[in-house]
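Number of protein chains: 2
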Amino acid sequence: MTRFVDVHNMVRWVADFGPERIMREMVAYLESDFMRWERFDKVPRVATHTPFGVIELMPTSDYETYGFKYVNGHPSNPARGFQTVTAFGVLADVHNGYPTFLSEMTVLTALRTAATSAMVAKALARPDSETLALIGAGSQAEFQALAFRANLGIRSVRIWDTDPDAMAKFLRNVTPLGIDVTIATSAADAVAGADIITTCTADKTQATILTADLVRPGVHINAIGGDCPGKTELDPAILDLGTVFVEYPPQTRIEGEIQQKASDFAVTEFWEVLAGRSAGRTDAAQITIFDSVGFAIEDFSALRYVRDAIDGTDYYVDIDLVANPDDPKNLFGLVGALAPVG
Amino acid sequence: MTRFVDVHNMVRWVADFGPERIMREMVAYLESDFMRWERFDKVPRVATHTPFGVIELMPTSDYETYGFKYVNGHPSNPARGFQTVTAFGVLADVHNGYPTFLSEMTVLTALRTAATSAMVAKALARPDSETLALIGAGSQAEFQALAFRANLGIRSVRIWDTDPDAMAKFLRNVTPLGIDVTIATSAADAVAGADIITTCTADKTQATILTADLVRPGVHINAIGGDCPGKTELDPAILDLGTVFVEYPPQTRIEGEIQQKASDFAVTEFWEVLAGRSAGRTDAAQITIFDSVGFAIEDFSALRYVRDAIDGTDYYVDIDLVANPDDPKNLFGLVGALAPVG
Chain A
3 MTRFVDVHNM VRWVADFGPE RIMREMVAYL ESDFMRWERF DKVPRVATHT PFGVIELMPT
63 SDYETYGFKY VNGHPSNPAR GFQTVTAFGV LADVHNGYPT FLSEMTVLTA LRTAATSAMV
123 AKALARPDSE TLALIGAGSQ AEFQALAFRA NLGIRSVRIW DTDPDAMAKF LRNVTPLGID
183 VTIATSAADA VAGADIITTC TADKTQATIL TADLVRPGVH INAIGGDCPG KTELDPAILD
243 LGTVFVEYPP QTRIEGEIQQ KASDFAVTEF WEVLAGRSAG RTDAAQITIF DSVGFAIEDF
303 SALRYVRDAI DGTDYYVDID LVANPDDPKN LFGLVGALAP VG
Chain B
3 MTRFVDVHNM VRWVADFGPE RIMREMVAYL ESDFMRWERF DKVPRVATHT PFGVIELMPT
63 SDYETYGFKY VNGHPSNPAR GFQTVTAFGV LADVHNGYPT FLSEMTVLTA LRTAATSAMV
123 AKALARPDSE TLALIGAGSQ AEFQALAFRA NLGIRSVRIW DTDPDAMAKF LRNVTPLGID
183 VTIATSAADA VAGADIITTC TADKTQATIL TADLVRPGVH INAIGGDCPG KTELDPAILD
243 LGTVFVEYPP QTRIEGEIQQ KASDFAVTEF WEVLAGRSAG RTDAAQITIF DSVGFAIEDF
303 SALRYVRDAI DGTDYYVDID LVANPDDPKN LFGLVGALAP VG
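Heads up: the sequence lines are chains A and B, in that order. 3 is the number of the first residue of the first sequence in the numbering used here; add one for each residue after it. 3 is the number of the first residue of the second sequence in the numbering used here; add one for each residue after it.
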């Protein structure tokens, strides 16, 4: 049987465990998988682009467990009452190829994206960072705020979005949780005094939501909204101001902020920082930029974590996804056995 | 909600509808999709190869509907009590990226593979074909026999497998259905007098289960077991005896029998035959060879057919795979709403 976590059970689990505990524990799984980065089978995700948006499959494997995520990105969805991003994911045993775990990943992707941001910022942002600027108040915003509080102790958030209702929603959601929110009047106002800047807008266009003149020394930029060919958020001049860290270069060069740069633009693979192979931040004035597009290993870590965390609980049900006849060469017997003819 | 067909419901549906009716109706869906081949987004499947076997994702889209299949191929599985091939598949709406249909595909892949074989043989085999030789009596064998009867009227099958138990299983399964079975003593004995030869063995090795001297004029060869790099079934000399038809050349050149040939070895894309763009069989003495590796569009057709065929029945259940908050920008509200803090 395959274990299945549907939306109802995922929501119940997140509410019961708490998103901050989850994103703290998930960071440990992420770090453990990033530390053994070289052991994974890695391919750029397989994307189907249409005028409406993109649908992607993101597989990876550590040769014991295989995992993949199905995910869409449709920037015009919210205007029509749909989620921009929906997703589900699967883990399977490599030794026999049987899927063992199926989970909704719309909520889980929001958690893993924010947990990945926090993991990277924990390594690259100035240790005395106190204030997070959020540009973009969509689905990802609250998860970012809580991931940064859970993993870096950040309690002060300055937020900007062109949609005032989205900012009001953010304020309504996180103020009761004890986060100090400032509604900014512009992107420039949001980043003024911020130690960390997260850009998380969803337009499928070459946008410039952050210009180079707004970026102060010592800041860590967490750029997560530029994640498709033709979809960027940063003034390309920003990429020359500091050190750019990425997940998986073959994918980021196509989808990330660095698609605006030459194909040999210097980047550091973040896993090398965790593994002690490359330097992270070297001084307090350095500008560090995480050009994050999301990579399959992050989903793999998130799925592994959920699978382990809910083992023995009632947050999943067993579903009958794999036909398993007594005689493996007699698949037909499954069908014929129910309908004898003669 | 997403409609979900589990193994139990798939088996119940196949038993109730009957595999022959299903494989006849499925051929109509396959033909309709092959006729509009050029409208599909096509990529070679994304394979993760390990010493145990392969796990693959096979996506495609006609830009209205997106589909993909997860499938494994583990030749040593039966010896350990597992299915060689297990699979499941998904359809999604392209306009918003939401998955609408999830189905087991272990049974369905067996049906679609046999239906594809029959569709191609219907176009390429001699119209007076009466006898099918089956080399390989594994999970696919009974489905082949029934697909050829349902679509071409074949009633006589000569079967050969190195495993006598597998042949006995085949005899036991299809004799009550009115198929005339001859247990052969060798591959040579099986193909003697046969009009159509299906090779469906599962070894993950360069095997030669059919040699050129056994191939008589006028025969149609349906080679479905060579479907991985390094996994072939035919003596390469056979490929020079007739005309080779394939599904999607970029995939077949890597995975099919023609991996034994130069990269410019002449092949005909089968969809062109159906669309009237290329010749199929031109005379009764011609040898036609379908070098079949399985392509994503076939799974797309099979999923579309099942989805349509079971609409309004109780062969599926609705599952909660996609989070859908009232305010699409308020995904966090789903979680927060259940756990108010403050």
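Where is the CB? At the ideal position from N, CA and C, for every residue including glycine. Source: prediction; values computed, not measured.
- Taking the Cα of A:Asn332 as reference, the smallest distance to any Cα among B:His76, B:Pro80, B:Pro21 is reached at B:Pro80.
- Judged by DSSP secondary structure, A:Lys71 falls within the beta strand (DSSP E) whose first and last residues are 67–75.
- Classified as exposed, B:Gly195 has fewer than 16 neighbouring CB atoms from the shown chains inside 10 Å of its CB.
- Under the criterion of beta carbons closer than 8 Å, A:Pro46 and A:Gln253 qualify as touching, at roughly 4 Å.
- Residue contact with chain A for B:Phe90: present (Cβ-Cβ distance below 8 Å to some residue of chain A).
- In this structure, DSSP gives B:Phe54 a state outside helix and strand, which the three-state scheme calls coil.
- For B:Lys44, the secondary structure class from DSSP, reduced to helix, strand or coil, is strand.
- For the pair of segments examined, the segment 224–231 of chain B was found not to touch the segment 8–21 of chain B: the number of CB pairs separated by less than 8 Å stays below three.
- Around A:Val248, the same chain offers Thr254, Val269, Asp293 as residues with beta carbons nearer than 6 Å, after the five sequence neighbours per side are excluded.
- At a cut-off of 8 Å between beta carbons, B:Ile321 contacts chain A.
- Using a CB distance cut-off of 8 Å, A:Asn175 counts as an interface residue toward chain B.
- Of all residues in the segment 41–74 of chain A, only Asp43, Val45, Val48, Thr50, Thr52, Phe54, Gly55, Ile57, Leu59, Pro61, Ser63, Tyr65, Tyr68, Phe70, Tyr72, Asn74 come within less than 7 Å of chain B when Cβ atoms are compared, listed by chain position.
- By the CB criterion at 8 Å, B:Ile256 and B:Asn224 fall outside the cutoff.
- DSSP links B:Asp320 through a beta bridge to B:Arg5.
- In the structure shown, the three-state DSSP call for A:Ser303 is helix.
- Residues of chain B whose Cβ lies closer than 9 Å to the Cβ of A:Leu93 do not exist, since the nearest Cβ in that chain is about 11 Å away.
- Exclusion of the five residues before and after B:Met12 leaves Glu106, Val109 as the residues of its chain whose Cβ lies within less than 6 Å of its Cβ.
- From the beta-carbon of B:Pro101, the residues of chain A found nearer than 8 Å are Tyr72, Thr88, Phe90.
- At least one CB atom of chain B sits nearer than 8 Å to the CB of A:Glu106.
- Residues of chain B with a Cβ closer than 8 Å to the Cβ of A:Asn332 are, in chain order, Ser141, Lys171, Asn175.
- Per DSSP, the unbroken beta strand (DSSP E) holding B:Phe292 starts and ends at 290–293.
- Partner residues in the beta bridge of B:Asp95, as assigned by DSSP, are B:Thr67.
- The alpha-carbon separation between A:Tyr100 and A:Asp328 amounts to approximately 16 Å.
- Apart from the 5 residues on each side of it in sequence, B:Glu66 sits with its Cβ closer than 7 Å to the Cβ of Val96 in its chain, given in chain order.
- In the displayed model, B:Leu243 falls within coil according to three-state DSSP, outside both helix and strand.
- Annotation: A:Ala189 to A:Ala139 spans about 12 Å, alpha carbon to alpha carbon.
- DSSP, reduced to helix, strand and coil, places A:Glu132 outside both helices and strands of the structure shown, so it counts as coil.
- Pairing B:Ala30 with A:Met121, the inter-Cα distance amounts to about 52 Å.
- A direct Cα-Cα distance of roughly 13 Å separates B:Glu58 from B:Thr86.
- Here B:Met28 is buried. Its C-beta has 16 or more other C-beta atoms within 10 Å.
- A straight-line Cα-Cα distance of about 10 Å links A:Gly83 and B:Asn98.
- Proximity to A:Arg306 across A:Arg14, A:Met3, A:Leu32, A:Thr4 peaks at A:Leu32, based on C-alpha coordinates.
- Boundaries of the alpha helix (DSSP H) harbouring B:Leu336: 333–338, taken from the DSSP string.
- Per DSSP, B:Val159 is one residue of the beta strand (DSSP E) stretching across 158–162.
- Assignment of A:Gln85 by DSSP, reduced to helix, strand and coil, places it in the coil class.
- Collapsing the DSSP output to three states places A:Ile24 in a helix.
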